[in-house]
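Remarks on the structure that follows.
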Amino acid sequence: MERLQPYLERGSRGLYAASAVCLLVIVVLMVARIASRNLNLGLGGVQILAQLFEVWLTFLVVGALAYRHDHIEIEYLADRIPERWQPIHELAVTLVSLFAAVLILVGGVMAMGTFWDSTAPTIDIPIPLYYLAAVVGAGFLVVVYLDRIQQNVTEVLG
3 MERLQPYLER GSRGLYAASA VCLLVIVVLM VARIASRNLN LGLGGVQILA
53 QLFEVWLTFL VVGALAYRHD HIEIEYLADR IPERWQPIHE LAVTLVSLFA
103 AVLILVGGVM AMGTFWDSTA PTIDIPIPLY YLAAVVGAGF LVVVYLDRIQ
153 QNVTEVLG
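Quick note, the sequence shown lines up with residues 3 to 160 if you use this note's numbering.
Written out as structure tokens, the structure is:
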């Protein structure tokens, strides 16, 4: 799985870059929304478009954070586990996280199929674009977790 590391690193950097673009677009759209409201410009659908980018930002950043081990964890418990049990704890947490990520990934794929012909109100954004964010983000997350499980198993077995 060491061969996977350069791809995960590039993927993580790509997700961070895409999330930065999403954040910039959100800021621009929110400024446009405020200007439109205050100046009566009549720009419709700006809020909905910003929400689309917010969804993408959320899911893009999750996989990148997990790759860099910057995810949220309960440090109070994790820091008190004896060192010899740390790899087993990491493996257990990663297995539970993998299960959750697979549920999100499968749910995203199923929702894309269910809402394939649907669009959001006002500006007709295809609804599957919202769920594609979950598929991309959770897909990367699943790969990260599988790689981490392989590393943990190797460490536990010595």
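From the three backbone atoms N, C-alpha and C, an ideal C-beta is built for every residue, glycine too.
Restricting attention to G47, A20, G16, the CA atom closest to the CA of D126 is found in G47. Going by beta carbons, G16 and V63 fall outside the 9 Å limit. In the same chain as G13, and ignoring 5 residues on each side of it, the C-beta atoms closer than 7 Å to its own belong to F142, in chain order. Note on geometry: alpha-carbon atoms of F101 and V144 lie some 9 Å from one another.
Assignment of P8 by DSSP, reduced to helix, strand and coil, places it in the helix class. When beta bridges are read from the DSSP output, T121 appears opposite P128. L59 places its beta carbon less than 9 Å from that of I28. By the criterion of a C-beta distance shorter than 6 Å, I151 is surrounded in its chain by T96, once the five residues flanking it on both sides are discounted.
Within the stretch 35-87, the runs of alpha helix (DSSP H) that reach at least 4 residues and sit entirely inside it are, in chain order, 48-69, 77-80. Cβ neighbours of M32 within its own chain (closer than 7 Å, five residues either side excluded): A52. Distance from the CA of V146 to the CA of R39, rounded to the nearest whole angstrom, comes to 43 Å. CA-to-CA, the gap between N154 and L45 works out to about 52 Å.
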